[in-house]
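Q:
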Amino acid sequence: MLSIGIAAAAGPQVAAALAPVLEENGFHALWVNDTPGVDALPVLAAAAAASERLVLSTGVLPIDRRDPDDIVDAMERLGLPQHRLTLGIGSGGLRAGALARVGDAAAALRERTTARVVVGALGPRMRRQAAEQADGVLLSWLDPATAAVQAVEAHAAAGSSTVALYVRTAVDAAADPALRAETARYAGYPAYAAHFARLGLDPARTVIHSSADLGAAVAAYEAAVDEVVLRAITAGDAAADYVSFATVIARRRAGR
627 MLSIGIAAAA GPQVAAALAP VLEENGFHAL WVNDTPGVDA LPVLAAAAAA SERLVLSTGV
687 LPIDRRDPDD IVDAMERLGL PQHRLTLGIG SGGLRAGALA RVGDAAAALR ERTTARVVVG
747 ALGPRMRRQA AEQADGVLLS WLDPATAAVQ AVEAHAAAGS STVALYVRTA VDAAADPALR
807 AETARYAGYP AYAAHFARLG LDPARTVIHS SADLGAAVAA YEAAVDEVVL RAITAGDAAA
867 DYVSFATVIA RRRAGR
């Protein structure tokens, strides 16, 4: 399955413009990652109103800022269609006790909603817990070979678990500086620096640059995991920039 991801900061208008384009072109889902000061759920509500079948996913809601009660209350207030919803949650800034807190949050959400619940995970213990106690695991910042290994581990822990992977992607050379800046920013965060060091990964090899053979790069990731989320890195922030991104991906997949 192939999906597209945006930041919540892109806003509801972008999501409303993008959602029908994704649906028309056969993408599985729109993922929206929560950002400080910008709530992903209203952005998904705008996408829901502009589409009929598209899966709506958060990647991820940090539980240090959003407890399960807050998430469920917001879902209900916004009228989000639970049968189309995947709630991605993560530890956010938590360190001590993060594993238990995330496990408790996943259990609470699965009790209170029919939406799927997946957990954003970097380390092996969180990945295993996500596979065993949630509906799936959301990976990020991996090359295809490492993603394939982690997917096998998740499926071994729980055969019903699904494995999704965020892949930062630029399809326009004008967006490459933003992609490099995004990569450097994450590589500077201690948790991600440890992630790259633990796995021996060059961060620049975990993204797709505009100069890459897009079809081959996406196919390599699709062979590794159940769902690939191409996190759109664009030169501009207008709806047209994101629509263009999705259109390019769709055309390349169709061999045009």
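Count the sequence shown with the working numbering and you get residues 627 to 882, in order. Glycine included, every Cβ here is placed at the ideal spot set by N, Cα and C.
Here's the rule: buried if 16 or more other CB atoms are within 10 angstroms of the residue's CB, otherwise exposed. What is TYR812?
A: buried
Q: If you draw a straight line from the C-alpha of SER717 to the C-alpha of ASP690, how long is it?
A: Rounded to the nearest angstrom, the two C-alpha atoms are 6 Å apart.
Q: Thinking C-alpha only, which one of ALA782, ALA741, LEU704, VAL745 is nearest ALA724?
A: Considering only ALA782, ALA741, LEU704, VAL745, the residue with the shortest C-alpha distance to ALA724 is VAL745.
Q: What first and last residue would you give for the alpha helix (DSSP H) that runs through GLU737?
A: 724-738
Q: Tell me the residue span of the beta strand (DSSP E) that contains ILE859.
A: Where ILE859 is concerned, there is no enclosing beta strand (DSSP E), given that its DSSP letter is neither H nor E.
Q: I'd like to check one pair, ASP665 with ALA634: are the Cβ atoms closer than 8 Å?
A: Yes. Within cutoff.
Q: Can you give me the C-alpha to C-alpha distance between PRO707 and ILE632, rounded to a whole angstrom?
A: 19 Å
Q: Anyone know if the C-beta pair for PHE871 and ALA858 falls short of 8 Å?
A: yes
Q: Identify whether ARG742 lies in helix, strand or coil by the three-state DSSP scheme.
A: strand
Q: Which residues does DSSP pair with TYR792 in a beta bridge?
A: SER766, VAL855
Q: Could you pull the DSSP bridge partners for LEU713 from this structure?
A: THR684, VAL743
Q: Is it buried or exposed, VAL778, if we count other Cβ atoms within 10 angstroms and call 16 or more buried?
A: exposed
Q: Counting Cβ pairs, one atom from each stretch, are 3 or more of them under 8 Å apart for the stretch 787-794 and the stretch 748-761?
A: At 8 Å Cβ cutoff, the stretches touch.
Q: Could you check what DSSP says for LEU667 in three-state terms: helix, strand or coil?
A: helix
Q: For the beta strand (DSSP E) that contains GLY631, what are its first and last residues?
A: Run containing GLY631: 628-633, per the beta strand (DSSP E) assignment.
Q: From the DSSP output, read off the bridge partner residues of ALA875.
A: Here the sequence assigns Ile to residue 875, which means Ala is not the residue at that position. DSSP, once it has assigned bridges, lists no residue as partnering ILE875.
Q: In chain order, what residues of the same chain have a beta carbon less than 6 Å from the beta carbon of ALA909, not counting five sequence neighbours either side?
A: Since the displayed the chain opens at 627 and closes at 882, residue 909 lies outside it and no answer follows.
Q: Do you know how far the Cα of ARG703 is from the Cα of ASP828?
A: 42 Å
Q: Return the Cβ separation of THR739 and HIS709 in integer angstroms, given the expectation that the two are a contact with Cβ distance under 8 Å.
A: Cβ atoms of THR739 and HIS709 stay farther apart than 8 Å, at about 10 Å.
Q: Please go through the same chain and pick out, in chain order, the residues whose beta-carbon is closer than 7 Å to the beta-carbon of LEU805, but skip the five residues on each side of it.
A: ARG794, ALA796, VAL833, HIS835, ILE859
Q: Find the nearest neighbour of ASN659 within the set GLU678, LEU648, PRO638, ARG879, judged by alpha-carbon distance.
A: PRO638
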